[in-house]
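The structure under discussion appears below in the form of structure tokens.
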Amino acid sequence: MNANNIEKIAIFYSKLYSSSLSVRALLALVIFCACPLLSQASSMKEFISYVSRTNPAILSAQSEVAKADANYAQSRRPIYNPSLDVDAERVNQESFEDTYTAGINQTVDLFNKRGANAAVGQHGLAEAKANLLAEQLNVTTQALKALAKYRTAQSVVNLAKQRTQLLAEFKKQNVRKFKSGDIAQDALDQASLAYAQAISQQADEEIILMNAYQNLIAITHTSPNTWPIMPDKLPTPLRISIAKQEEWLRKLPVIEIYGAKVATAKAVIRVAQAETKPDPTIGFRGGTEDNELLIGGSLSIPLFVRNNFEDQVHAANHQAIAVEQEQMNIYRQNKARLQGDLSKYNTLYNAAGQWSQASKHSLDGGIDLLNRLWSAGELNTTDYLVQLKQRIDSQISGVELTGKTWQMWFSVMEASGQLKTWIDKT
Numbered sequence: 219m220n221a222n223n224i225e226k227i228a229i230f231y232s233k234l235y236s237s238s239l240s241v242r243a244l245l246a247l248v249i250f251c252a253c254p255l256l257s258q259a260s261s262m263k264e265f266i267s268y269v270s271r272t273n274p275a276i277l278s279a280q281s282e283v284a285k286a287d288a289n290y291a292q293s294r295r296p297i298y299n300p301s302l303d304v305d306a307e308r309v310n311q312e313s314f315e316d317t318y319t320a321g322i323n324q325t326v327d328l329f330n331k332r333g334a335n336a337a338v339g340q341h342g343l344a345e346a347k348a349n350l351l352a353e354q355l356n357v358t359t360q361a362l363k364a365l366a367k368y369r370t371a372q373s374v375v376n377l378a379k380q381r382t383q384l385l386a387e388f389k390k391q392n393v394r395k396f397k398s399g400d401i402a403q404d405a406l407d408q409a410s411l412a413y414a415q416a417i418s419q420q421a422d423e424e425i426i427l428m429n430a431y432q433n434l435i436a437i438t439h440t441s442p443n444t445w446p447i448m449p450d451k452l453p454t455p456l457r458i459s460i461a462k463q464e465e466w467l468r469k470l471p472v473i474e475i476y477g478a479k480v481a482t483a484k485a486v487i488r489v490a491q492a493e494t495k496p497d498p499t500i501g502f503r504g505g506t507e508d509n510e511l512l513i514g515g516s517l518s519i520p521l522f523v524r525n526n527f528e529d530q531v532h533a534a535n536h537q538a539i540a541v542e543q544e545q546m547n548i549y550r551q552n553k554a555r556l557q558g559d560l561s562k563y564n565t566l567y568n569a570a571g572q573w574s575q576a577s578k579h580s581l582d583g584g585i586d587l588l589n590r591l592w593s594a595g596e597l598n599t600t601d602y603l604v605q606l607k608q609r610i611d612s613q614i615s616g617v618e619l620t621g622k623t624w625q626m627w628f629s630v631m632e633a634s635g636q637l638k639t640w641i642d643k644t
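Following this note's numbering, the residues of the sequence shown are numbered contiguously, the last one being 644.
Now the structure itself:
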């Protein structure tokens, strides 16, 4: 492959990269204009507060709480309304033996079915409130992970741009040296190929950045000027006892949801048991018959002889057992997740610290040294490209490692239910 062909490849990648940037820039402008604008960059707490107030999933969960509250209010009301009976009878037009009566009937909640229904409504409200907390935790975690991914992609793109600029300049210098006869064709080819590859890699990183941008917009529906910067330092790993982990787990919204589900299932058993007992209906009526005062009473009791409704009690019992087992399963899963995420974060945190110690020297200083050595002829083109790639790839790996560590930190905070506490302290 000669220098002209390599030059054409570089131009092709350059045009592709430029056109993709234009499309993404237009898309970014459209998304940006569709988002509500805030006056300035917000803090982490302000950012999450705004997202929580406007996220559709959270607003939907709030409506579910209002619905459950209305259901609870309804469940506390009396089950039976009275009924009014009116009767009039005339034997014939010439008869004076007319009968007129009016009565009222009321079914009595003798076995407190109202109280059993109210317990179901109360636990349903508790479940809706826990579900709201779980949705807030989920949305907050998604927003912070999306923010960390976006900031990581930003840093990687900046390094990719720096690599492209360095290789563009390096290629120009090789072209000049080739024309003056100082280097061979293969050296120029290597420089041109490295530049073409850098353009392609930068385009890939730009696409990753735009995907992260779109994801953050979709989750938060906020404008980029309000997005906070990630903290400079990674949080110190948590050193917590098993007892503390158990305490955090018991307070997790998802565990509280299943606690409310279990309580609801047990309340449904009491409702089913009450349904097996018939409620009597008492009636009183009065009127006139043949101009004589008429007063009467009635008592009606359903006879559960063909269907005693015992099967629904058995069904409710089995449902409660099933929900309790689901609760245990969810608890075990979240316990394993918390312990696993704590270990993963410790590993990533230590790796990020080791990388930071191993790469104390600045990238710019190392590249300046490479340029001087290459210009002085002490470093050939192949070695220059290998070392330049190694230095930039190392920086990119470090940025990506830090991003992964932040992602895992937010997973730890979600698994422990301590995310809000951390945000308040940030």
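Glycine included, C-beta positions come from ideal geometry on N, C-alpha and C. Quantities reported herein were computed from a predicted structural model and do not represent experimental measurements.
Sorting L406, M626 and K363 by C-alpha distance to the C-alpha of Y602 places L406 at the top. With fewer than three CB-CB distances shorter than 8 Å, the segment 392-408 does not count as touching the segment 471-481.
By alpha-carbon distance to S574, the top candidate from S615, K367 and A364 is S615. In the three-state scheme derived from DSSP, where H, G and I count as helix and E and B as strand, T639 is classed as helix. Around the beta carbon of S593, fewer than 16 other beta carbons lie within 10 angstroms, which makes this residue exposed.
Pairing M626 with S577, the inter-Cα distance amounts to about 22 Å. The three-state secondary structure of D303, taken from DSSP, is strand. Residue pairing by DSSP places F502 opposite I322 and G515 in a beta bridge. Between the alpha carbons of N376 and I539 lies a distance of about 56 Å. A straight-line Cα-Cα distance of about 53 Å links G571 and A288.
By the Cβ test, the segment 488-505 is in contact with the segment 328-340, since at least three Cβ pairs between them sit closer than 8 Å. In this structure, the beta-carbon distance from G339 to Y298 does not fall below 9 Å.
The C-alpha of A284 lies about 37 Å from the C-alpha of P453. By the Cβ rule, the segment 461-470 counts as touching the segment 627-640, because three or more pairs are nearer than 8 Å.
The segment 351-369 and the segment 466-474 touch, with no fewer than 3 CB-CB distances between them shorter than 8 Å.
Following the DSSP letters along the chain, one finds R524 in no alpha helix (DSSP H), marked with neither H nor E.
Fewer than three beta-carbon pairs drawn from the segment 525-540 and the segment 365-373 are found closer than 8 Å, and the two stretches are therefore not classed as touching. Taking C-beta atoms as the reference points, L588 and R381 fail to come closer than 9 Å. Proximity of the segment 439-457 to the segment 552-570 meets the contact definition, three or more beta-carbon pairs being nearer than 8 Å.
With a threshold of 16 other beta carbon atoms within 10 Å, N335 meets it and is buried. Taking 9 Å as the cut-off, the beta carbon of L385 is found no closer than this to the beta carbon of A421. Distance from the CA atom of Q545 to the CA atom of A275, rounded to whole angstroms, is 24 Å.
Using a Cβ distance threshold of 9 Å, Y413 and K395 do not count as a contacting pair.
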